Amino acid sequence: MAIAYLNGAWTAPSDAKISVFDRGFMFGDGVYEVMPVYGGKIFTKTAHLERLARSLREIRLTTRFSEDDWSQLLDQAVVKAGEDNALIYLQVTRGVAPERSHAYLAAEPTVLITVTPFTPNNEQDIVSLRVCTKEDFRWHRADIKVTSLIANGMIKNEALAEGYHDAIMVRAGFVTEATSSNVFMVVDSEIMTPPKSELLLHGITREEVIRIAQGLDLKVKECEVQASALEGADEVWLSATGMEVQPIGEINGMQVGDGKPGPIWRQMFRAFQDEKQKAIECID
Ligand code: PLP
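See below:
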C-alpha cells in the first residue's frame, strides 16, 4: 500500500497537501533521497542517510532530525506500507514562508516521505537501452541531491522526443552522468566511471557497483571518461536506485559491443542480486 508522511501525519499520498508558500514549491528549495526496500529492508540505508545529511549541510538547512531519528522514521514508514519491495522518497524543503521571498523566512522544514510499491528488475526482462549524448548545462553543484531538477528533466525529455531512452550528459567533452543515473564504461575488461566531483551526483548505487567490482577482482577505475570513448567501449552501463545496473546497447545510433547486455554487466548484475539477498538476510 502506498503511504505518505507529511510533517508528522500519515496519509494516503494523494491526501498529503502543502502550502503554495512552501519554498520547495516556490523555489525548488529542498533536497531529497530515493531509497530501495528489498524484502522489507532498506538497502544501503546508512549511505543514503549520510548523503541526505551532506545535502542538507550543503544547502545550509538544519532539521531537528538526527540520523537515528531519520532511520527510525523510515523503518516506521516501511512497516506502515507493508510492502516487501518498495521505493522510499524522502524530501526536505526549507518550509513554508509567510510570503514569497528569496531571503530565508521559513522556520520549520517540510518533511515528506512516501513509500510506493516497486518491482525490481528481472535479469531476463532487462533490455539494452538506447541513449544519446547531450551537453550538460546544469548548475555546478550536481553533487547535491536537490529537488530542482528542471535541467535534468529538459535533457531527458529532449532525448525521449528524439526516440532515445535517456541522455548521457557531457561537459567540456567529458561524461558527467545520465539524467538520473551514473555512467560506467568497460574497455578490455576494465570498468571505468567518472570520479566524484561537484559536477555529478555521488550515486549510492555507483558506490555499490564499485565495491562489488572490487570484491569480484574486476579492474575498476574512477577516471575522467571522454565522451568520444563511449562509442568504442565494449560495454556501457547506467546505475541508479530502482534501475540498479542497466546495460546500454546503442549510443547516438552506434551499437555498443554487440548491442546486447555484456558478460561483465551480467556478472555485475548477478553479484548485485547476491548483495541484496545478503542484506535481506543480514549477512555482512
Ligand atoms: N545521477 C543523478 C542525476 C540522479 O538523479 C541519480 C538518482 O536519482 C543518480 C545519479 C543515481 O544515484 P543513486 O544510485 O543514489 O540512486
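The opening residue of the sequence shown carries number 355 in the numbering used here; numbering runs sequentially from there.
Think of the CB as a built atom: it goes at the ideal place given N, C-alpha and C, for glycine as much as any other residue.
Here the structure is a predicted model, which means the values were calculated and not measured.
Q. At a cut of 8 Å, does the region 484 to 491 reach the region 507 to 520 through at least three beta carbon pairs?
A. Enough Cβ pairs lie closer than 8 Å, so yes.
Q: Pick out whichever of 437, 562, 499 has its Cα sitting closest to the Cα of residue 382.
A: Of 437, 562, 499, the residue nearest in Cα terms is 499.
Q. Which residue from 530, 399, 602, 565 puts its Cα closest to that of residue 591?
A. That would be 602, whose Cα lies nearest to the Cα of residue 591.
Q.
Comparing C-alpha positions only, which one of 395, 397, 422, 636 sits nearest to residue 407?
A. Of the candidates 395, 397, 422, 636, the residue whose Cα lies closest to the Cα of residue 407 is 422.
Q. What does a CB cutoff of less than 7 Å around residue 612 pick up in its chain, not counting 5 residues either side in sequence?
A. Taken in chain order, the list of residues that qualify is empty.
(Q) For residue 380, which residues in the same chain have their Cβ closer than 8 Å to its Cβ, ignoring the five residues on either side in sequence? (A) In chain order, 374, 451, 454 place their CB closer than 8 Å to the CB of residue 380, counting only its own chain and leaving out the 5 sequence neighbours on each side.
Q: Identify the continuous beta strand (DSSP E) that holds residue 587 and give its terminal residues.
A: That residue, residue 587, is in no beta strand (DSSP E); it is neither H nor E in DSSP.
Q.
At a cut-off of 7 Å, would you count residue 560 as near the ligand PLP, judging by its Cβ distance to the nearest heavy atom?
A. Yes, since a heavy atom of the ligand PLP falls inside the 7 Å radius drawn around the Cβ of residue 560.
Q) Any heavy atom of the ligand PLP closer than 7 Å to the Cβ of residue 536? A) Because some heavy atom of the ligand PLP lies under 7 Å away, the Cβ of residue 536 counts as near it: yes.
Q: With a 10 Å radius around its C-beta and 16 neighbouring C-beta atoms as the bar for buried, classify residue 399 as buried or exposed.
A: Classification of residue 399: buried, given that the 10 Å Cβ count is 16 or more.
Q | Assumed close pair residue 467, residue 358 - CB separation to whole angstroms, cut-off 8 Å | A | A Cβ-Cβ separation of about 7 Å places residue 467 in contact with residue 358 under the 8 Å criterion.
Q | For residue 522 and residue 540, the rounded distance between their alpha carbons | A | Between the alpha carbons of residue 540 and residue 522 lies a distance of about 15 Å.
(Q) Along the chain, where does the alpha helix (DSSP H) containing residue 622 start, and where does it finish? (A) Its alpha helix (DSSP H) spans residues 617 to 634.
Q. Is the region 430 to 449 close to the region 567 to 586, with three or more CB pairs under 8 Å?
A. Contact fails: fewer than three Cβ-Cβ distances are below 8 Å.
Q.
In chain order, what are the residue ranges of uninterrupted beta strand (DSSP E) at least 3 long that sit wholly in the region 379 to 448?
A. Within the region 379 to 448, the beta strand (DSSP E) runs of at least 3 residues that lie entirely inside it are, in chain order, 384 to 392, 440 to 447.
Q | Reference residue 614; option with closest CA among 477, 497, 636 | A | It is 477 whose Cα lies nearest to the Cα of residue 614.
Q) So the alpha helix (DSSP H) residue 562 belongs to, where does it begin and stop? A) Per DSSP, the continuous alpha helix (DSSP H) segment holding residue 562 begins and ends at 558 to 569.
Q. Closest to residue 428 by CA distance: which of 559, 458, 387 is it?
A. For the options 559, 458, 387, the alpha carbon positioned closest to that of residue 428 is the one of 387.
Q | From 605, 632, 631, residue whose alpha carbon lies closest to that of residue 482 | A | Cα-wise, what sits closest to residue 482 is 605.
Q | Residue interval of the alpha helix (DSSP H) (run including residue 507) | A | The continuous alpha helix (DSSP H) containing residue 507 extends over residues 504 to 515.
Q: Closer than 6 Å by C-beta to residue 437: which residues in its own chain qualify, once you throw out the five before and the five after it? Chain order, please.
A: Closer than 6 Å at the Cβ level, and outside the excluded window around residue 437, lie 471.
Q) Do the region 562 to 573 and the region 502 to 509 meet, that is, are 3 or more Cβ pairs less than 8 Å apart? A) The region 562 to 573 vs the region 502 to 509: no contact.
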